[in-house]
Amino acid sequence: METMVDQMISMPRIGEKAPSFTAVTTQGNINFPDDYSGKWVILFSHPADFTPVCTSEFMTFAKREPEFAALNCQLVGLSIDGLYSHIAWLRTIKEKIEFKGMKNIEVKFPLIEDISMEIAKKYGMIQPGESSTKAVRAVFFIDPKGMIRAVIYYPLSMGRNFDELLRALIAMQTADAYAIATPADWQPGDDVIVPTAGSCGVAAERMANQVDDVTCHDWFFCTKKLSLEQVNHPPKLN
Ligand code: BEZ
C-alpha cells in the first residue's frame, strides 16, 4: 500500500528541468539552479553528518573539487541535518580526520541543510525501502541550462566512485561538444561512436569505407578517433 511519504516523493528524470528551490547552506543562501546558470552542477545527497562513509566521501569531494571546477562544474551537497551539525562536522573533518593520505581538508562547496526533507523529497532522495529518515546517496548531473542529464543512486552502505563521476561528466560534455556518443567503459582519448547512418546511402558509404577516419563494425555501429587533446579542449557551445 502506498504511504504518505511515497505520495510526497517525486523522482526528477533525465531530460527534465531541475526542480528549483531556495536553501540555507554552509556557504550562505542559494537559489537553485538559477545561481549556477552557465555551469554544470553535481547536486548530491548523503545520509547523515558524522558518519564514516559520508566523511570519506566529503573528504574526497573536497580534495577533487578542483578537477570538477576545471570542468566548469559546481558541487552542491545536501543532507537531512541542520546547519550547525553541518558546520560542526566540516570543522571536525578539517581539524581531526586523516584518511588515505588526506588531512586538513576544507570543504568549500555549499552543503544544504534540509531538516524538513522538502528538497530531498523533491529530488527523490528519500527512498523509504532504504530509509525514511536519511537520504540515499543520489547524484544529479545538471547542465548549464538547468536540465537534468544523468542521475545515479547508491545505497547507504556504498561510497561513490569519484573517477566514475568525473568520467560521466566528461563523457556528457564531450557528447555535447562533438555530437557523438561514448561506448562502454569509454575513457577520454578512446574512440567515440558517430551518429547512426540516417539513410541507405550513408550506410552504404560507411560500409564501403568511404568516410575518412570512421571505422564501421556494422552499418549502424561506427566509431572514430577523438584525441585526448580534443576532449580536453572542446569547441565553445552557445
Ligand atoms: C555512513 O555514511 O557511514 C552511513 C550513513 C548511514 C547509514 C550507513 C552508513
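The sequence shown runs 546 to 783 under this note's numbering.
Idealized CB from N, CA, C, for every residue including glycine.
Span separating the alpha-carbon of residue i from that of residue j
i: serine 677; j: isoleucine 671; result: 6 Å
i: isoleucine 587; j: proline 578; result: 11 Å
i: methionine 556; j: leucine 771; result: 35 Å
i: glycine 743; j: phenylalanine 766; result: 12 Å
i: alanine 749; j: valine 756; result: 10 Å
i: leucine 798; j: phenylalanine 613; result: Past the edges of the chain, shown from 546 to 783, lies residue 798, and the structure says nothing about it.
i: alanine 563; j: phenylalanine 685; result: 9 Å
i: serine 630; j: lysine 679; result: 15 Å
i: glycine 674; j: valine 681; result: 10 Å
i: glycine 669; j: glutamine 572; result: 24 Å
i: alanine 632; j: lysine 666; result: In the sequence as presented, alanine is not what sits at residue 632; that position holds isoleucine. Taking the straight line from one Cα to the other gives about 23 Å.
i: valine 747; j: cysteine 618; result: 37 Å
i: alanine 753; j: isoleucine 559; result: 37 Å
Check: residue i C-beta below 8 Å from any heavy atom of the ligand PLP
i: leucine 711; result: As far as ligands go, the structure on display features the ligand BEZ and does not contain the ligand PLP.
Residues bridged to residue i (per DSSP)
i: alanine 785; result: The structure shown does not extend to residue 785, since the chain spans only 546 to 783, so no value can be given for it.
i: glutamine 855; result: Nothing about residue 855 can be reported from this structure: the residues present for the chain run from 546 to 783 only.
i: arginine 682; result: Tyr699
i: glutamate 658; result: Ser624
i: threonine 768; result: Ile738, Thr760
i: isoleucine 687; result: Val586, Ile693
i: phenylalanine 644; result: Met647
i: alanine 726; result: Ile738
Spatial neighbours of residue i in its chain, beta-carbon cut-off 6 Å, leaving aside the 5 residues before and after
i: phenylalanine 595; result: Trp634
i: threonine 760; result: Thr768
i: glutamate 651; result: Lys639
i: glycine 646; result: none
Rounded distance between the beta-carbons of residue j and residue i, thought under 8 Å
i: serine 624; j: serine 661; result: Contact flag wrong, Cβ pair sits at about 12 Å.
i: glycine 691; j: glutamate 658; result: That belief does not hold up - the Cβ atoms of glycine 691 and glutamate 658 are roughly 22 Å apart, past 8 Å.
i: leucine 616; j: leucine 714; result: 6 Å
Beta-carbon proximity list for residue i, same chain, < 8 Å, skipping 5 on both sides
i: isoleucine 725; result: Thr719, Val737, Ile738, Val739, Pro740, Lys769, Leu771
i: tryptophan 731; result: Arg712, Ala716, Val737
i: threonine 567; result: Asn574, Ile575, Asn576, Phe577
i: asparagine 777; result: Pro733
i: isoleucine 642; result: Thr600, Met604, Lys648, Ile650
i: leucine 773; result: Pro733, Gly734
i: glutamate 610; result: Leu620, Lys653, Phe654
i: glutamate 561; result: Met692, Ile693
i: leucine 701; result: Pro592, Val598, Glu675, Ser676, Lys679, Val681, Arg682
i: proline 728; result: Asp735, Asp736, Val737, Ile738, Thr768
Cutoff 7 Å; reference residue i; Cβ partners in own chain excluding five residues on either side
i: cysteine 599; result: His591, Pro592, Ala593
i: isoleucine 664; result: Phe566, Ala568, Leu623, Ile657
i: proline 780; result: Ala722
i: aspartate 688; result: Trp585, Arg694
i: arginine 751; result: Ala742, Val759, Cys761, Trp764, Cys767
i: phenylalanine 644; result: Ser601, Met604
Residue-chain proximity (residue i, chain B), Cβ-Cβ < 9 Å
i: isoleucine 587; result: Absence of chain B from the displayed structure is noted, only one protein chain being present.
Quiz prompt | Meets three-Cβ-pair contact criterion under 8 Å: the segment 699 to 711 and the segment 606 to 624 | solution = yes
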